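Let me begin by presenting the structure, written as C-alpha cells, before commenting on it.
Number of protein chains: 2
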Amino acid sequence: MKTSKQSILRLFQYRDFLIRLKNINTVNVFSDNLAKDIGTTSIQVRKDFSLFRLSGNKKAGYKVSNLLKQLDELLGKNKKQKVVIVGAGNIGKALMQYDGFYKEGLEIAALFDYDRRKYNHKNNPPVLPIEDLFKFVSSNNVKIGIIAVPCKAAQQVLDLMISAGIKGAMNFAPIPLKSPKNFYINNINLRVELESVVYYTQM
Amino acid sequence: MKTSKQSILRLFQYRDFLIRLKNINTVNVFSDNLAKDIGTTSIQVRKDFSLFRLSGNKKAGYKVSNLLKQLDELLGKNKKQKVVIVGAGNIGKALMQYDGFYKEGLEIAALFDYDRRKYNHKNNPPVLPIEDLFKFVSSNNVKIGIIAVPCKAAQQVLDLMISAGIKGAMNFAPIPLKSPKNFYINNINLRVELESVVYYTQM
DNA sequence: TAGATTGTTAATCGATTAACAATC
DNA sequence: TAGATTGTTAATCGATTAACAATC
Chain A
1 MKTSKQSILR
11 LFQYRDFLIR
21 LKNINTVNVF
31 SDNLAKDIGT
41 TSIQVRKDFS
51 LFRLSGNKKA
61 GYKVSNLLKQ
71 LDELLGKNKK
81 QKVVIVGAGN
91 IGKALMQYDG
101 FYKEGLEIAA
111 LFDYDRRKYN
121 HKNNPPVLPI
131 EDLFKFVSSN
141 NVKIGIIAVP
151 CKAAQQVLDL
161 MISAGIKGAM
171 NFAPIPLKSP
181 KNFYINNINL
191 RVELESVVYY
201 TQM
Chain B
1 MKTSKQSILR
11 LFQYRDFLIR
21 LKNINTVNVF
31 SDNLAKDIGT
41 TSIQVRKDFS
51 LFRLSGNKKA
61 GYKVSNLLKQ
71 LDELLGKNKK
81 QKVVIVGAGN
91 IGKALMQYDG
101 FYKEGLEIAA
111 LFDYDRRKYN
121 HKNNPPVLPI
131 EDLFKFVSSN
141 NVKIGIIAVP
151 CKAAQQVLDL
161 MISAGIKGAM
171 NFAPIPLKSP
181 KNFYINNINL
191 RVELESVVYY
201 TQM
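These protein sequences, in sequence, are chains A and B.
So the first sequence is numbered by this note's numbering: it starts at 1 and just counts up by one.
So the second sequence is numbered by this note's numbering: it starts at 1 and just counts up by one.
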C-alpha cells in the first residue's frame, strides 16, 4: 500500500517537470504548480510526497534542485542502466533513436534481430544477430530488455532474455507473455491504446 | 461507475483472445480461459461481462463467435475509423506500418509533416504537408489523431487537430498537453514507461 | 444427482479526495 | 497578524475479490 504503481509513475512525471523548471532557473515550486503540469491536484502531489517522505516548506513550497536530488535518489536515476532491444524494425529503430533516453541514464547498448540483412556492427548502438544476445547480456550485465518483434517470436525472445539474466522488460508485441513472478513486464499494446481512444471519442 | 476505464481495456483484450480462438475454430470458452490469457481472474472476467450485460451459459461457458459479435457491437468495431498521424519520424512510420490496425477497422488515412522532404503523395497512406491537415480532416470526417512530433510542436499540433474537428488523440510527445474537457487524450510516454521498468527491476 | 460453471450481491482493498491542524 | 501553504488523518470513491445462489 505504501508505494503504489500510480504514485511511482507520477513521481517520474514530477521529475520531468522539475528538470524543465531547473533549466529555466526556477528555484521554488508549489504543489499546485506540479499538479497543474501533470494534470492532477495539489492534494495528490502532497500525498505522493508524503508517502515517500519528501518534504517542503510551509509557505515557501519546495526547492526545485533539492526535490530533484531526492527524486533522483528515490527513483534510482543516479545509476546508468543498459538496455537491449530485440527487433530492429520500425518500433525498435524508433526507440533506438528516441531522444532523452540517454540523458535519463538509459543507454541502448545494442539491438538484436533475426534478419542477417539488418546486422550492423559499426552502428552505435550495434545491430547484432540474436544468437549473440545471451553472451552480450551476461557479459555486459544488462538487466532491462525491450521486445519489439512480431507476436509469434515474442515469447521465445522473452524466454531467451530471462535465461540470459534480464530482470524486466517492456513488451510491444500485442500478446500476453508468460514470465516468472520476480520478473517485471510492462506490456505496451499500441493497438489497444488506439482502440480505446476510438471508443471514448464515440461515447 | 458502471463503465470503468480498466474494464473497457480488458474487453479489448478479451476480444483479441477471442479472435485468436476463432481462427483455430474453437467454439466454446470459459471465463477461466479468458482470465488466464490476459492475466486476470475468472471472477474479474465475469464481473466485466456482468457490467456490460454479456452473458453465457452455466456449465457451457461462452460461445466464441457470439461473444465476439457482442463485443464488436459494444466496442464500436463495426464501423471503420479513419486516423491521421502527425509526424513522419520513426514513431509515425512505425505506426503507419503497424500490422493489425487495418483489420481492426482502423485506417491510417494520412501522415502529415512539417518537413517538405518527407512529402509523398503517392505513398499509401500519403505523407502530406501540415498545411493540408485542416482541410483533409474536415473533408474526410476524421475523428482520431496521433501526435508523433517533438515536444515543442505537440501543443500546436493538438490545437490544430482540435480546430479541424478531431475528437480524440494518442500523444507520444512526453509532455502534458492542454485540451478541452470533451476531448479524449491518451498520453503514451515511452520514456516514463521504460523508467518504471527500471525502477521495478531494481527493487 | 453431483460437479462445474455462471452471474450477482456483499466485502475488501487500494487509491483519491476532503478536512483540517500546523506553521511560515 | 492574516493569508497561504504544507502534511497528515479521516472520508469517500472506485475497482477487485470473495461468497454464494442459480442452474445446466
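Every residue gets a Cβ at the ideal spot worked out from N, C-alpha and C, and that includes glycine.
For clarity, every value in this text was computed on a predicted model and none was experimentally measured.
Minimum C-alpha distance to residue i - residue among the options
i	options	result
D72 (chain B)	B:V197, B:I144, B:D16	B:D16
S163 (chain A)	A:S179, A:G87, A:F101	A:S179
F183 (chain A)	B:N189, B:I147, B:V197, B:Q13	B:V197
G61 (chain B)	B:K5, B:G76, B:S42	B:S42
N171 (chain A)	A:I24, A:L190, A:E107	A:L190
I147 (chain A)	A:A110, A:Y119, A:R116, A:V29	A:A110
A173 (chain A)	A:D159, A:Q155, A:K167	A:Q155
Y114 (chain A)	A:S50, A:L11, A:V157	A:V157
I166 (chain A)	A:V83, A:R117, A:G89, A:V192	A:V83
D32 (chain A)	A:K59, A:I8, A:I185, A:N90	A:K59
R117 (chain A)	A:G89, A:K143, A:I144	A:G89
K181 (chain A)	B:Y200, B:G168, B:Q81, B:V192	B:Y200
S7 (chain A)	A:I38, A:I24, A:D99	A:I38
E195 (chain A)	B:I185, B:E193, B:N23	B:I185
D48 (chain A)	A:L160, A:N23, A:L11	A:L11
K36 (chain A)	B:P176, B:E193, B:V192, B:N187	B:P176
K143 (chain A)	B:Q202, B:K5, B:G87, B:T26	B:Q202
N124 (chain A)	A:T26, A:R53, A:I85	A:I85
F30 (chain B)	B:Y14, B:L51, B:V127	B:Y14
S4 (chain B)	B:Q44, B:S55, B:N23, B:N28	B:Q44
Q81 (chain A)	A:V192, A:I91, A:G87, A:F101	A:F101
K63 (chain A)	A:I188, A:L34, A:N187	A:L34
G87 (chain B)	B:D99, B:V127, B:N28	B:V127
G168 (chain A)	B:G56, B:I91, B:E193	B:E193
Per DSSP, cross-strand counterpart(s) of residue i
i	result
P129 (chain A)	A:D113
A94 (chain A)	Paired residue(s): none; A94 (chain A) is not in a bridge.
A169 (chain A)	A:G145, A:I185
L106 (chain A)	A:Q81
N120 (chain A)	A:V127
V86 (chain B)	B:F112, B:I147
Y62 (chain B)	B:V29
_Tell me whether the region 64 to 75 of chain A and the region 93 to 102 of chain A touch, counting them as touching only if at least three CB pairs, one residue from each stretch, are closer than 8 Å._
no
*Under 9 Å (Cβ pairs) to chain B, residues found in the region 91 to 110 of chain A*: I91, G92, K93, A94, L95, M96, Q97, Y98, D99, G100, F101, E104, G105, L106
*Interfacial residues, the region 113 to 142 of chain A to chain B, with Cβ spacing under 8 Å*: none
*Decide yes or no for the touch test of the region 123 to 131 of chain B against the region 10 to 25 of chain B: beta carbon pairs closer than 8 Å, at least 3 of them.*
no
*Would you call the region 135 to 143 of chain B and the region 151 to 158 of chain B touching, i.e. three or more CB-CB distances under 8 Å?*
no
*Where in the region 11 to 60 of chain B do unbroken runs of the alpha helix (DSSP H), each at least 4 residues long, occur, reported from the N-terminal end onward?*
31 to 38, 42 to 51
*Are the region 100 to 107 of chain B and the region 73 to 82 of chain B touching, with three or more C-beta to C-beta distances below 8 Å?*
yes
_Short of 8 Å Cβ to Cβ, which residues in the region 148 to 169 of chain A face chain B?_
P150, K167, G168, A169
*At a Cβ cut of 7 Å, what residues of the region 184 to 202 of chain B count as close to chain A, listed as they run along the chain?*
Y184, N186, I188, L190, R191, V192, E193, L194, E195, S196, V197, V198, Y199, Y200, T201, Q202
*Select from the region 62 to 73 of chain A all residues with a C-beta closer than 9 Å to any C-beta belonging to chain B, and list them in chain order.*
none
*What residues from the region 35 to 57 of chain B come within 8 Å of chain A, judged by C-beta to C-beta, listed N to C?*
D37, I38, G39
*In the region 12 to 26 of chain B, which residues sit with their C-beta less than 8 Å from some C-beta in chain A, listed in chain order?*
F12, Q13, D16
*asked:* Please identify, using Cβ separations under 9 Å, the residues of the region 77 to 91 of chain A that lie next to chain B, in order along the chain.
replied: K77, K79, Q81, V83, G89, N90, I91
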